[in-house]
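What follows is a single structure, written as structure tokens, with notes after it.
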Amino acid sequence: MSFSTFPSRARQVHLDFHTSPFIPAVGSAFNADEFGRVIEEARVDSMTLFAKCHHGHLYYDTEHPARHPSLGEGLLEKQVEALHRRNIKCPIYLSVQCDEYAANTYPEWRAVNPDGSLVGQKPLGNDSFSWRILDMSSPYLEYLEAQTEEVMKRFAPVDGLFFDMCWDQVSVSKWAIAGMQRENLDPADPADRKLYANRVTHRYMERLTAVAAKYQKDVPIWFNSRPISDASKERRFLRHIEIEALPSGQWGYSYFPIWVRYAKALGLPMIGMTGRFHKSWADFGGLRTPASLLYDCTQALAHGGGCSVGDQLHPSGVIDRGVYDVIGQVYRHVEKCEPWCRDVVATNEIAVLLSTPVSERNGSQCFDGITKALSQLRYQFAFIDPDADWSSYAVVVVPESLIVTPELDQRLVAYKAAGGKVLRDGAPGEESPFSAVYLRFDADKRGSLADTVHVFYERGNRLVPEAGDEVLARIVEPYFERSWEKFSSHAQTPNVPETSPYAAAVVRGNEAIFALPVFRAYALHGNLPCRQLAAAALERLLPAPAVRVKGPSYVEVTIGTRGKDTILHFLSFIPQKRAATQEMVEDAAAARNLGVDVKVDGPVASVKRVIEGGEIPFTVEDGRVKFSLDWLEGHEMVVISGR
């Protein structure tokens, strides 16, 4: 990978303004000077502003009947003018499939479920995220095109367009049924309905892009709520990628680390979008800690992306200074990092082949486990499409959830023949009769694990080692499979004393083979023997990794290069589950005396800290620079400068 994904504007805010028609005096207290000053002082360099919200209302001067009923003067015009005076960019937001005004005015435009019910909010529904969903094969698309055209006329040149709520919506409305029949699709077939929904999405993406291009060529457009895994197929629509992932909301802390590793392999400018809310969008009065936002933003920086923090403006138009005091704390840190983020090329030695959709065949759990295990082991990796070019990667991981076609298998054989290494997780074979087995590691393969048998909580396959295989762990089976009529104690049956003839994992030439679903099990149970299997395999497949770190496993490390410089990010944060359904970060975590060992290509002039400042003593031996990071709290960058 030889490209940088860092955007031109890396300190962004997404300023929601979904405002009920029942709220009076919308925007009446807006003060352009105060608005611009607060945003500028928070070091924000781009802010997405609303032309149209999910309620379907418009916030600029227009004769369109969807104009918010209590809006006085146009708000969007004043916001854009205030920010442009301060060289702050202003992409413009339009809601797509959520439009309450259109759904109420033209109910026949709503999407229809196969059972005949309307998609979205029920007549007496009151769910937080339950909106009336529009059918994009209906005349609503022309309605939205006209609104987009008006925005382009009024505000061009625009800094960008942000279209939201753009998933593939299945519908059996009269327009959708007629469309499917024209294309020889069967409306009664769920697969055909899904296929047609995807075609409808791509058509309206094309049409909205064309509307914008009539007034301004090459306007940056982002279609939100699309699967990130579709980005490579939809690249013709994309100038950049925004990964919406509020960890305190529905996404959690596992979503972003997976999908940023896919997005950054696509070579487009990239933004990680988090939110200031304690819970999720529209959580008025909910504010996360500075450390929590710093974690999200520096995680985006560490993977080559910029930052966006979601907020929602009060209906009165008054900007919340307290919120921007917190955002400003974080963005001043980001601003200090930026000179060492631009034009940096990420180092990725391992490619994980992505299976889509990841919700099927245990994909989500599998990729979560891969991300956790490899991150904690400090390997540098990316998720890529199976048909992508693997030649620059030292190791390819074939996850349990990926169906290996004959064509893909031939590519893997050729890759190994050329010197590449492969790790197969959950490789196919004879299924074990046991839903839980035990692992026995030899002393040189168990790392810090105790010298005992270790339970593996998921059913795997039976693998008989071949001559020449290096066995990473052996299987010890239980006396019997637990059932209603035959069981022992509270949980899985104890192990028999003797080791079975089966291996949990072997290294065979250029390939490590896991007979067990190691990464899925790690995601589900967090059992360290799973991670140790991955460590033992990768120590043999990749004996000289880009970076090694001796220190707590919660310290995340990424590495990139720019010219002769090698640039590392160190992140030390620990999300904790402090509520029934929510993880949070209150403070940065401290780590001391990290032993760091980095592969370099040439002589080293210096090793310096970016945030704390100061040079770090180092040694160079066998093409690796070694140093100690005596203190880390939160985020630090280290630059290894080549001569």
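Residue numbers (our numbering): 2 to 644. Positions of the beta carbon are idealized from the N, C-alpha and C atoms, including for glycine.
Nearest-angstrom Cα distance between PRO22 and GLN98? In the sequence shown, counting from the first residue as 1, residue 22 sits at position 21. In the sequence shown, counting from the first residue as 1, residue 98 sits at position 97. Their Cα atoms are separated by approximately 18 Å.
Less than 8 Å between the beta carbons of ARG10 and ARG44, yes or no? Sequence index remark: in the sequence shown, residue 10 carries index 9 (1-based). Sequence index remark: in the sequence shown, residue 44 carries index 43 (1-based). For ARG10 and ARG44, no; Cβs fall outside 8 Å.
With C-beta atoms as the reference, is ALA547 less than 8 Å away from SER573? If you number the sequence shown from 1, residue 547 lands on position 546. If you number the sequence shown from 1, residue 573 lands on position 572. Their beta carbons are not under 8 Å apart, which means ALA547 does not touch SER573 by this criterion.
Start-to-end residues for the alpha helix (DSSP H) that takes in MET181: Residue 181 sits at position 180 when you count from the first residue of the sequence shown. Looking at the DSSP string, the run of the alpha helix (DSSP H) that includes MET181 is 175–183.
Spatial neighbours of ALA83 within its chain, please: CB distance less than 6 Å, with the 5 preceding and 5 following residues excluded, ordered by chain position. The count along the sequence shown starts at 1 and reaches residue 83 at position 82. For ALA83, where only same-chain residues beyond five positions count, the Cβ hits under 6 Å are ALA33, PHE36 and GLY37.
Per-residue DSSP class, three states only, for SER365: As a position in the sequence shown, residue 365 is number 364, starting the count at 1. Reduced to three states, the DSSP call for SER365 is helix.
Quick one: residues in its chain with C-beta nearer than 7 Å to the C-beta of VAL27, no 5 flanking neighbours on either side, listed in chain order? What you label residue 27 is simply residue 26 of the sequence shown in a count that begins at 1. Here the set comprises THR20, HIS69, SER71, LEU72 and PRO316.
Going along the chain, which residues of its own chain have a beta-carbon closer than 6 Å to the beta-carbon of SER436, five neighbours each way excluded? The count along the sequence shown starts at 1 and reaches residue 436 at position 435. Closer than 6 Å at Cβ, skipping near neighbours: ARG460.
Determine the direct distance from the alpha carbon of ALA104 to that of GLY287, and round the result to whole angstroms. Taking the sequence shown and counting its residues from 1, the one referred to as residue 287 is at position 286. Taking the sequence shown and counting its residues from 1, the one referred to as residue 104 is at position 103. Going by the C-alpha atoms only, they are around 30 Å apart.
Inter-residue Cα distance where the pair is SER433 and ASP128: Along the sequence shown, one-based indexing puts residue 433 at 432. Along the sequence shown, one-based indexing puts residue 128 at 127. Rounded to whole angstroms, SER433 to ASP128 spans 45 Å at the Cα level.
First and last residue of the alpha helix (DSSP H) that includes ARG625? The residue given as residue 625 occupies position 624 in the sequence shown. If you look at ARG625, you'll find it isn't in any alpha helix (DSSP H); it sits in the beta strand (DSSP E) that goes 625–643.
Could you check the C-alpha separation between GLN330 and PRO291 for me, to the nearest Å? Numbered from 1 along the sequence shown, position 329 holds the residue referred to as residue 330. Numbered from 1 along the sequence shown, position 290 holds the residue referred to as residue 291. Here the C-alpha atom of GLN330 lies approximately 7 Å from the C-alpha atom of PRO291.
Alpha-carbon to alpha-carbon, THR372 and VAL397: Residue mapping note: residue 397 aligns to position 396 of the sequence shown, counting from 1. Residue mapping note: residue 372 aligns to position 371 of the sequence shown, counting from 1. Taking the straight line joining both Cα atoms gives about 14 Å.
Tell me the rounded alpha-carbon separation between TYR325 and ASP297. Taking the sequence shown and counting its residues from 1, the one referred to as residue 325 is at position 324. Taking the sequence shown and counting its residues from 1, the one referred to as residue 297 is at position 296. Answer to the nearest angstrom: the Cα atoms are 16 Å apart.
If you follow the beta strand (DSSP E) that THR567 is in, where does it begin and where does it stop? Reading the sequence shown from its first residue, position 566 is the one you call residue 567. THR567 -> beta strand (DSSP E) spans 566–573.
Is the Cβ-Cβ distance between TRP282 and GLY276 less than 8 Å? On the sequence shown, position 281 is the one that residue 282 refers to. On the sequence shown, position 275 is the one that residue 276 refers to. Cβ atoms of TRP282 and GLY276: closer than 8 Å.
Where the alpha helix (DSSP H) containing GLU408 begins and where it ends: Taking the first residue of the sequence shown as position 1, residue 408 is located at position 407. It spans 407–418 - the alpha helix (DSSP H) in which GLU408 sits, taken as one unbroken run.
Quick check on GLY307: buried or exposed, where buried means 16 or more other Cβ atoms within 10 Å of its Cβ? Taking the first residue of the sequence shown as 1, we reach residue 307 at position 306. With 16 or more Cβ atoms within 10 Å of its Cβ, GLY307 is classed as buried.
Going straight from the alpha carbon of LEU196 to that of LYS234, what length do you get? Within the sequence shown, residue 196 is the residue found at index 195, counting from 1. Within the sequence shown, residue 234 is the residue found at index 233, counting from 1. When rounded, the distance between both Cα atoms is 14 Å.
Environment of TRP485 [buried if 16+ CB atoms lie within 10 Å]: Position 484 of the sequence shown, counted from the start, is the residue given in the question as residue 485. Classification of TRP485: exposed, given that the 10 Å Cβ count is below 16.
Buried versus exposed, by CB contacts within 10 Å (16 or more), PHE4: Position 3 of the sequence shown holds residue 4. Classification of PHE4: exposed, given that the 10 Å Cβ count is below 16.
Identify, in the order they occur along the chain, each residue of the same chain with its Cβ nearer than 8 Å to the Cβ of ALA214, setting aside the five sequence neighbours on each side. The sequence position of residue 214 within the sequence shown is 213, counting from 1. Taken in chain order, the residues that qualify are VAL220.
If we ignore side chains and look at the alpha-carbon of each, how far apart do THR500 and TYR555 end up? As a working mapping, residue 500 is identified with position 499 in the sequence shown. As a working mapping, residue 555 is identified with position 554 in the sequence shown. Roughly 34 Å between the two C-alpha positions.
Does the Cβ-Cβ distance between GLN217 and MET153 come in under 8 Å? Translated into the one-based positions of the sequence shown, residue 217 becomes position 216. Translated into the one-based positions of the sequence shown, residue 153 becomes position 152. Yes, the pair counts as a contact, with Cβ atoms nearer than the cut-off.
Range of the contiguous beta strand (DSSP E) that encloses ASP284: Along the sequence shown, one-based indexing puts residue 284 at 283. Careful: ASP284 lies outside any beta strand (DSSP E) and carries neither H nor E.
Between LYS90, PHE382, LEU209 and THR562, which has its C-alpha nearest TYR141's C-alpha? The residue you call residue 141 lines up with position 140 of the sequence shown. Of LYS90, PHE382, LEU209 and THR562, the residue nearest in Cα terms is LEU209.
Spatial neighbours of ARG563 within its chain, please: CB distance less than 6 Å, with the 5 preceding and 5 following residues excluded, ordered by chain position. In the sequence shown, counting from the first residue as 1, residue 563 sits at position 562. Here the set comprises ASP344 and VAL345.
State the CB to CB distance for the pair ARG521 and GLN300, rounded to an integer number of angstroms; the pair is presumed to be in contact (CB under 8 Å). For the purposes of this step, residue 521 is identified with residue 520 of the sequence shown, where counting begins at 1. For the purposes of this step, residue 300 is identified with residue 299 of the sequence shown, where counting begins at 1. Rounded, the Cβ-Cβ distance is 24 Å, inconsistent with contact.
Given that a residue counts as buried once 16 or more other Cβ atoms are within 10 Å of its Cβ, and exposed if not, what is LEU59? Residue 59 sits at position 58 when you count from the first residue of the sequence shown. By the neighbour-count rule (16 or more Cβ atoms within 10 Å), LEU59 is buried.
What residue range is occupied by the uninterrupted beta strand (DSSP E) comprising LYS600? Residue mapping note: residue 600 aligns to position 599 of the sequence shown, counting from 1. LYS600 -> beta strand (DSSP E) spans 591–600.
GLU361 versus ASP116: straight-line alpha-carbon distance, rounded: As a working mapping, residue 361 is identified with position 360 in the sequence shown. As a working mapping, residue 116 is identified with position 115 in the sequence shown. In this prediction, GLU361 scores a pLDDT of 44, lower than 50, which makes its location untrustworthy; the coordinate-derived value is nonetheless stated afterwards. Rounded to whole angstroms, GLU361 to ASP116 spans 24 Å at the Cα level.
Output the distance between the C-alpha atoms of ARG541 and ALA347, rounded to the nearest integer angstrom. Within the sequence shown, residue 541 is the residue found at index 540, counting from 1. Within the sequence shown, residue 347 is the residue found at index 346, counting from 1. For ARG541 and ALA347, the distance between alpha carbons rounds to 23 Å.
Could you check whether the stretch 169–179 touches the stretch 128–137, counting it as contact only if at least three pairs of C-beta atoms, one from each stretch, sit closer than 8 Å? yes
Coarse secondary structure for GLU613, derived from DSSP in three states: By 1-based counting over the sequence shown, the position of residue 613 is 612. In the structure shown, GLU613 sits in coil (DSSP, three-state: anything other than H, G, I, E or B).
Starting from CYS531 and walking both ways along the alpha helix (DSSP H), at which residues does that stretch end? Locating residue 531 in the sequence shown gives position 530, where the first residue counts as 1. Its alpha helix (DSSP H) spans residues 529–542.
Would you report the Cα separation of VAL201 and GLY180, rounded to the nearest angstrom? In the sequence shown, counting from the first residue as 1, residue 201 sits at position 200. In the sequence shown, counting from the first residue as 1, residue 180 sits at position 179. About 9 Å.
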